[in-house]
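A.B. asks: FYI, full-length UniProt numbering numbers position 27 of the sequence shown as 27, with every residue one higher than the one before it.
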Amino acid sequence: MMSQIQTMKKTVLQLRQEANIQRIPVSQACDDLMKYCNEHQKTDVLVTGMSPSDNPYRDIKGCIII
Numbered sequence: 001m002m003s004q005i006q007t008m009k010k011t012v013l014q015l016r017q018e019a020n021i022q023r024i025p026v027s028q029a030c031d032d033l034m035k036y037c038n039e040h041q042k043t044d045v046l047v048t049g050m051s052p053s054d055n056p057y058r059d060i061k062g063c064i065i066i
C-alpha cells in the first residue's frame with residue numbers, strides 16, 4: 001500500500017513539473033530550429049565535411065614488418 005502512495009506522489013510531482021514547462025507552437029519551434037541550423041551550418045562538420053588531416057578518427061597506418 002505504501003509503495004502505491006509513493007508511486008502516485010512521484011507521478012503527481014512529475015505531472016506538476018511538466019505542467020510548468022513553457023510551451024511554444026510547433027511552427028515557432030521549427031522556425032527557431034531552421035534559423036539555428038542556417039546560422040551554424042558553416043561550422044557544422046556534418047554539413048561541410050572535414051579535412052583528412054583534422055579528422056581524429058582517420059585510419060592510422062602502422063608500421064608493418066615483414
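Just so you know, even glycine gets a beta-carbon here, dropped at the ideal spot from N, CA and C.
#1: When DSSP labels each residue in this structure, what does Asp59 get in the three-state scheme?
#2: Need the endpoints of the alpha helix (DSSP H) that Asp32 sits in, please.
#3: Alpha carbon to alpha carbon, what distance is there between Gln41 and residue 80?
#4: So the alpha helix (DSSP H) Ile5 belongs to, where does it begin and stop?
C.D. replies: In short, the structure shows the following:
#1: Residue state, collapsed to three classes: coil.
#2: Under the DSSP assignment, Asp32 falls in the alpha helix (DSSP H) whose first and last residues are 26–40.
#3: Only positions 1 to 66 of the chain appear in the structure, and residue 80 is not among them; the question remains open.
#4: Where Ile5 is concerned, the enclosing alpha helix (DSSP H) stretches over 2–19.
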